[in-house]
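Single-structure report; data block below.
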Amino acid sequence: MAWTETEPGLWQRPVGENESMIKMIGDAGQASGKDVWSISATACFTASVEPKPLAQALRDGWAALRFWHPSIATTADGDTLHYRVPDVQQLTHWLDETFTVLQGELTVDHILGTLPPRPLACCYYLEHDGAVILHLSHWRTDGIGAFHLLGALFNATVQHLRDDPYRLPWGDETVRLVPGVEEALKLPTEPTEAIHTATSMYLSTLGFAKGALGITRPLDLGDELEPMAATKATRLPTLSFSPDQTAELLSACSQRGLRFESALHASVTAAACSVEGPTAASDQKHHTTTLRHSLRPHLPAPYHGEAGAAGLYTAGYFVKVPTTQSWLDNALYYESEYAKGPTPELLRSRRWAMAAG
């Protein structure tokens, strides 16, 4: 369903099926003090501006971002998303809750490892490091969307530093509230036979988790999930490549008929086998992984671009490879899956909850 104004200034829509699934998994970690499925986007920068006016410009840019992408300010209550057009006092309160200036010699890695679950999208400015972190629950956006938001934040910040911000009409931001992917793809509310078939096919891949590397006990789809242990957040990359090394890697991939993602995915599988140790080299073992596709190129305007930044527009399914298979064979298999892109069946399966119910 589309966004509806249920009372003056209050807009609501149901949580989408895909948003609901991601939210359920993310919320499962709250007891351990973590949002176990969140998105963080980080940028480090240099600026010839004093810390205080720079922090104010970033805060003003974050406020502007709320009007460009109001879905970052939605709240979830059960099965319903809410957006309230703020007055000045409410906007200030939202800024106080969601924009934080961190002083002292704190690193991005340290912050990423300690972020608690938050009901709102948040922006952290590390004054000492000259870095910004956007942190959102994954049900709000995906990796591509997060970088769109980061770029929009910096554009808005620069406008405020130039004292020439583009002012949006207050209250008109609701036209930019994003729909769920099911609505954006215009999938029928009542699942068709084709939707049922596609949904069953992709849901069945969850069975590949059974017996996979890293699964320490028998797993069935009907199993009750145990409480999640406390975890650390993903760290920043510790390995980087020069432009020349990057060119060599891309050339080597091209010579083997691979895109870089396929080669990287095969290397992740190799790393998983290495962590498992000698027992991984068994005919009875397999590595299960998620194959993800961005659905943004298949969305109608304006959601296929930056206007859809604050939306969850991705899809994935499980695939598995035997641990006895070579790196190249794994890479070629992943290449065949990536090359398919978001198939019509994958797009249809986004209406998965109703079709599976």
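Quick note on the UniProt record's numbering: the sequence shown kicks off at 1 and runs consecutively.
Cβ atoms here follow ideal geometry from the backbone N, Cα and C, with glycine treated the same way.
Residues in its own chain within less than 8 Å of residue i by CB, not counting five upstream and five downstream?
i    : result
H286 : F208, G211, A212, L213, K320, V321, P322, T323
D79  : P14, V15, S20
I111 : L102, Y124, L126, I133
L95  : R59, W62, A63
D283 : P322, T324
Nearest to residue i by alpha carbon, out of the options?
i    : options                : result
R84  : W11, L149, G113        : W11
Q90  : R162, A63, V158        : A63
H135 : A315, G113, L185       : G113
L206 : T290, G61, A252, Q325  : T290
C123 : L149, I144, H138       : L149
P191 : E5, R348, T4           : R348
H293 : E276, D142, S200       : D142
E173 : D60, I25, P86          : P86
A339 : F260, G171, P278       : F260
T4   : R176, P169, G305, L168 : R176
Q325 : A301, T343, P342, C273 : C273
H304 : I144, P243, G9, D77    : I144
F154 : I195, D60, P344, G341  : D60
P342 : P8, Y202, D77          : Y202
P344 : A271, P169, P297       : P297
W170 : V88, I195, W327, T246  : V88
L328 : Q284, A301, D283, L264 : L264
Who pairs with residue i in a beta bridge, going by DSSP?
i           : result
E17         : The partner list for E17 (beta bridge, DSSP) is empty, contrary to what the question assumes.
T42         : I133
V101        : Y125
D77         : T80
S267        : Its beta-bridge partners do not exist; DSSP assigns none.
A315        : H293
A212        : H286
residue 420 : It is not possible to answer for residue 420, since the shown part of the chain is limited to 1 through 357.
E5          : W11
Counting C-beta neighbours from all protein chains within 10 Å, is the total for residue i 16 or more, i.e. buried, or is it exposed?
i           : result
W352        : buried
H69         : buried
P53         : exposed
T269        : buried
R350        : buried
V178        : buried
L126        : buried
T157        : buried
L258        : buried
F67         : buried
residue 369 : What is shown of the chain runs 1 to 357, which leaves residue 369 out entirely.
R256        : exposed
L58         : buried
T199        : buried
G277        : exposed
G180        : buried
Using a Cβ-Cβ cutoff of less than 6 Å, which residues in the same chain neighbour residue i once the five nearest sequence positions on both sides are dropped?
i    : result
T197 : none
L346 : A315
S137 : G26, D35, S38
T288 : F208, A209, A212, F318, K320
Suppose contacts are defined by Cβ-Cβ distances below 8 Å. Is residue i in contact with residue j by that definition?
i    : j    : result
A2   : L65  : no
L295 : R140 : no
I133 : V101 : no
A310 : I39  : no
P117 : K23  : no
S262 : A331 : yes
A47  : A146 : no
H82  : T75  : yes
L187 : L299 : no
A266 : Y334 : yes
E97  : L115 : no
C44  : G130 : yes
E182 : E17  : yes
L249 : F241 : yes
Please return the same chain residues whose Cβ sits closer than 7 Å to the Cβ of residue i, not counting the five positions on each side in sequence.
i           : result
H128        : Q103, G104, E105, L106
L219        : Confidence in L219 is poor, its pLDDT being 47 and thus under 50, which makes the residue's placement unreliable; the coordinate value appears in the next sentence. A209, K210.
M228        : Low local confidence applies: a pLDDT of 46 at M228 is under 50, so the model's placement there is unreliable, and no value is given.
residue 366 : Absent from the model: residue 366. The displayed extent of the chain is 1 to 357, so no value can be given.
Y166        : Q159
F99         : R59, W62, C123
G9          : R84, V85
E337        : L291, V319
residue 380 : This structure cannot settle anything about residue 380, because the visible part of the chain is limited to 1 through 357.
P51         : E127
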